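**Student:** Take the sequence shown: its position 155, counted from the start at 1, is 166 in this note's numbering, and no numbers get skipped.
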Amino acid sequence: MPLIEIPCTFMRGGTSRGPYFLADNLPAATAARDRALLSAMGSPDPRQIDGLGGATTVTSKVAIVSKSARPGVDVDYLFAQVDIERALVDTAPSCGNMLAGVGPFAIEEGLVAAGAGQTIVRIFNVNTASLIEAVVQTPDGRVTYDGACEIAGVPGSAAPITLNFMDVVGSKTGALFPTGKRTDEIGGIAVSCVDVAMPMVLMRAADFGISGHETKAELDPVIDAIVTKTEPLRREAGARMGLGDVSDSVVPKVGLLAAPALGGDVSSRYLTPLSLHPAHAVTGAACVASALAIEGTVAHGLARASTDNPRDITIEHPSGTIGVQLETSGAGETTTVASAGLVRTARPIMRGHVLVRA
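1) Along the alpha helix (DSSP H) that carries Cys298, what are the first and last residues, could you check?
2) Which runs of the beta strand (DSSP E) spanning at least 3 residues fall entirely within the region 185 to 268, listed in chain order?
3) If you draw a straight line from the alpha carbon of His224 to that of Phe176, how long is it in whole angstroms?
4) Mapping the DSSP letters down to three states, classify Asn136 as helix, strand or coil.
5) Cutting at 7 angstroms between CB atoms, please list the residues of its own chain near Ser50, excluding the five before and the five after it.
6) Where DSSP assigns a beta bridge to Lys4, which residues make up the other side?
7) Kindly list the residues whose CB is nearer than 8 angstroms to the CB of Ala250, restricted to its own chain and excluding five residues on each side of it in sequence; keep chain order.
8) Taking buried to mean at least 16 other C-beta atoms within 10 Å of its own C-beta, is Thr346 buried or exposed?
9) I'd like to check one pair, Ala357 with Met22: are the Cβ atoms closer than 8 angstroms?
10) Counting only runs that start and end within the region 32 to 84, where is the beta strand (DSSP E) found for 3 or more residues in a row?
11) Using the C-alpha atoms, what's the distance from Ile333 back to Gly275?
12) For the region 194 to 209 against the region 313 to 332, do three or more pairs of beta-carbon atoms, one drawn from each stretch, fall closer than 8 angstroms, so that the two count as touching?
13) Using the beta-carbon count (16 or more within 10 Å), is Gly64 buried or exposed?
14) Return helix, strand or coil for Glu327, following the three-state DSSP convention.
15) Would you identify the three-state DSSP class for Ile118, choosing helix, strand or coil?
16) So what's His311 in DSSP terms, helix, strand or just coil?
17) If we ignore side chains and look at the alpha-carbon of each, how far apart do Cys160 and Arg355 end up?
18) Over what stretch of residues does the alpha helix (DSSP H) that includes Asn175 continue unbroken?
19) Confirm, please, whether the CB-CB distance from Val137 to Asp195 is below 8 angstroms.
20) Could you tell me which residues DSSP pairs with Asp101 in its beta bridges?
21) Going by CA-CA distance only, name the one from Ala314, Gly312 and Ala300 that's closest to Val335.
22) Are at least three pairs of beta-carbons, each pair with one atom in the region 186 to 193 and one in the region 147 to 156, less than 8 angstroms apart?
23) Should Ile360 go down as buried or exposed, given a rule of 16 or more other Cβ atoms within 10 Å for buried?
24) If you pair each beta-carbon of the region 32 to 47 with each one of the region 79 to 86, do three or more pairs fall below 8 angstroms?
25) Between the alpha carbons of Ala297 and Leu48, how many angstroms are there, rounded?
26) Where do the N-terminal and C-terminal ends of the alpha helix (DSSP H) with Leu282 fall, by residue?
27) Quick one: Cα of Thr70 to Cα of Lys264, how far?
28) Helix, strand or coil for Val113 per DSSP?
29) The beta strand (DSSP E) with Ala169 in it runs from where to where?
30) Alpha carbon to alpha carbon, how far is Gly253 from Asp101? Give it in angstroms, no decimals.
31) State the DSSP-derived secondary structure class of Thr20, mapped to helix, strand or coil.
32) Our contact map puts Thr26 next to Pro329 with C-beta atoms below 8 angstroms; I'd like the distance itself, whole angstroms only.
33) Please report the residue range of the beta strand (DSSP E) in which His288 lies.
Next up, the structure:
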């Protein structure tokens, strides 16, 4: 079978990694594009032995970037989650960690001109129809990846990339609280269905027999049993949120929350949704932080309350912490999230061509 070469840059973005493609280098038709991505990542196969995938959800991701025709926007970003064991490419969710690499990639591919000192790249997230400003360090008019910024879940340090999420309320459902309530009851469990940057179903970790402070190594042996309990609730929540049948979708995600234990504001164990994230999703962090700020949610009831606005919120996760600077207005169901800012890092690992089956 002949092989086709497709240019790409293999990058780490935040605590995820995968190939970054220019949209023009991929097939235009969705079905053909998805076949190319499955071949590139080596799916379906639990080892992804025949592709670039790393056999985990956080290493089976793809970023597709193009010059934007939208007013005031530099580039469009389409995220694709490539299923490991099924021939499925899911573009319903987004990924804020992979988003961290979009700004540097766009500059280095010539889609955005580098400024002096730092460059603001305005990114339209196609998955969620939202706008993000990425602040990339560009001393001497070139992207630098060296720096002193450290993020939990990534060894060493790198240059900071600030991501400012705007217009993120109702990313997929059109509403902050898609069910119309700050807290619902599903199967006897209190849940908060919240949609900020990423639709999530937030629940108390204690309702599933865990403290919510466990490491990934401690939870991995029992994660299947936990998912057996959370998945029916997630599917019902998805239906109530107007997302339909979510059995074949990774949206909504699940957050199992607890009171903080390490000096942060809340502790979160983020399911993707059938396995545990080794750290925490960026979009998920924006959602958890927003829920924390609103009285009446599961998150607010477990967290250290702060009335500052904007406020700095620290979320504890299995690899450390992730910080969110949150600015809101209004109260309760009428709350509006003006912006959610997070700091990530990224770096290219390899540039070249991936060979996919014709």
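Cβ atoms here follow ideal geometry from the backbone N, Cα and C, with glycine treated the same way. Note that the structure is predicted; figures quoted are calculated from it, not measured.
**Tutor:** On the basis of the coordinates in this document:
1) If you number the sequence shown from 1, residue 298 lands on position 287. Its alpha helix (DSSP H) spans residues Val293 to Leu303.
2) 195 to 197, 200 to 207 and 209 to 215
3) Along the sequence shown, read from residue 1 onward, the residue named residue 224 stands at position 213. Along the sequence shown, read from residue 1 onward, the residue named residue 176 stands at position 165. Those two C-alpha atoms are separated by around 27 angstroms.
4) What you label residue 136 is simply residue 125 of the sequence shown in a count that begins at 1. If DSSP states are grouped into helix, strand and coil, Asn136 belongs with the strands.
5) Residue 50 sits at position 39 when you count from the first residue of the sequence shown. Contacts found: Gly62, Val367 and Arg368.
6) Since the first residue of the chain shown is 12 and the last is 369, residue 4 is not available in this structure.
7) The sequence position of residue 250 within the sequence shown is 239, counting from 1. Correct list, in chain order: Asp256 and Val257.
8) Here the question's residue 346 lines up with position 335 in the sequence shown. Thr346 should be labelled buried.
9) Here residue 22 corresponds to residue number 11 of the sequence shown, with the count starting at 1. Here residue 357 corresponds to residue number 346 of the sequence shown, with the count starting at 1. Yes, the Cβ-Cβ distance between Met22 and Ala357 is below 8 angstroms.
10) 72 to 78
11) Translated into the one-based positions of the sequence shown, residue 275 becomes position 264. Translated into the one-based positions of the sequence shown, residue 333 becomes position 322. Using only the alpha carbons, I get a separation of about 9 angstroms.
12) no
13) Here residue 64 refers to the residue found at position 53 of the sequence shown. Counting Cβ neighbours within 10 Å, Gly64 comes out buried, since at least 16 surround it.
14) Here residue 327 is taken as the residue at index 316 of the sequence shown, counted from 1. Looking at Glu327 - three-state DSSP - the assignment turns out to be strand.
15) The residue you call residue 118 lines up with position 107 of the sequence shown. Correct three-state label for Ile118: helix.
16) Here the question's residue 311 lines up with position 300 in the sequence shown. Residue state, collapsed to three classes: helix.
17) Locating residue 160 in the sequence shown gives position 149, counting from the first residue. Locating residue 355 in the sequence shown gives position 344, counting from the first residue. About 8 angstroms.
18) Counting from one through the sequence shown, the residue named residue 175 turns up at place 164. Not the alpha helix (DSSP H): Asn175 falls in the beta strand (DSSP E), residues Ile172 to Met177.
19) Here residue 195 refers to the residue found at position 184 of the sequence shown. Here residue 137 refers to the residue found at position 126 of the sequence shown. In this structure, Val137 does not lie closer than 8 angstroms to Asp195 by Cβ.
20) The residue you call residue 101 lines up with position 90 of the sequence shown. Asp101 is bridged to Gln92.
21) Working through the sequence shown from its first residue, we reach residue 335 at position 324. With distances taken between Cα atoms, Val335 lies closest to Ala300.
22) no
23) Here residue 360 corresponds to residue number 349 of the sequence shown, with the count starting at 1. By the 10 Å Cβ count, Ile360 comes out exposed.
24) no
25) Counting from one through the sequence shown, the residue named residue 297 turns up at place 286. Counting from one through the sequence shown, the residue named residue 48 turns up at place 37. The alpha-carbon atoms of Ala297 and Leu48 are separated by roughly 28 angstroms.
26) Within the sequence shown, numbered from 1, the residue matching residue 282 stands at position 271. Run containing Leu282: none in the alpha helix (DSSP H); it sits in the beta strand (DSSP E), Val277 to Leu282.
27) Position 59 of the sequence shown, counting from 1, holds the residue named residue 70. Position 253 of the sequence shown, counting from 1, holds the residue named residue 264. Each residue's Cα considered, the two are about 17 angstroms apart.
28) In the sequence shown, residue 113 corresponds to position 102, counting from 1. Here Val113 sits in helix by DSSP.
29) Within the sequence shown, the letter at position 158 stands for residue 169. That residue, Ala169, is in no beta strand (DSSP E); it is neither H nor E in DSSP.
30) Taking the sequence shown and counting its residues from 1, the one referred to as residue 101 is at position 90. Taking the sequence shown and counting its residues from 1, the one referred to as residue 253 is at position 242. Rounded to the nearest angstrom, the two C-alpha atoms are 18 angstroms apart.
31) In the sequence shown, counting from the first residue as 1, residue 20 sits at position 9. Strand at Thr20.
32) The residue labelled residue 26 in the question sits at position 15 within the sequence shown. The residue labelled residue 329 in the question sits at position 318 within the sequence shown. Not really, about 11 angstroms apart at Cβ, beyond 8 angstroms.
33) Position 277 of the sequence shown, counted from the start, is the residue given in the question as residue 288. Note, His288: premise wrong, no beta strand (DSSP E); not H, not E.
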